[in-house]
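Worksheet: the structure to be examined is printed underneath.
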Amino acid sequence: MYSGDPLSNSNVRLEYDHDLENGDYVFLLYEVVINNSETKEGHTATWGWYGIDPVNNYVYDAMTY
């Protein structure tokens, strides 16, 4: 796994996924892993799902919430 600031790695993506019923936003953090550099074939590796409360900017692990 990448160490350091994950968002500085061009293979790491943070994408909005959906809103929760309580109004929080859910984002998916994942890495694009290239298995074959010639064909660019690979897969994604999920790092986590994160919720954000837009009222107080609280960020939390949405998988354990």
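For the sequence shown, position 15 matches number 14 in numbering that gives the first Met the number 0, and the numbering has no gaps at all.
We put the CB at the ideal spot given by N, CA and C, even for glycine.
Keep in mind it's a predicted model, so treat the numbers as computed, not measured.
In whole angstroms, what is the alpha-carbon distance linking residue i and residue j?
i          : j          : result
residue 58 : residue 20 : 16 Å
residue 56 : residue 26 : 13 Å
residue 37 : residue 47 : 28 Å
residue 54 : residue 40 : 40 Å
residue 61 : residue 9  : 24 Å
Please state whether the Cβ-Cβ distance between residue i and residue j is less than 8 Å.
i          : j          : result
residue 15 : residue 24 : yes
residue 45 : residue 32 : no
Residue i lies in the beta strand (DSSP E); which residues open and close that run?
i          : result
residue 20 : Element bounds for residue 20: n/a, residue is neither H nor E.
residue 43 : 40 to 52
residue 4  : Careful: residue 4 lies outside any beta strand (DSSP E) and carries neither H nor E.
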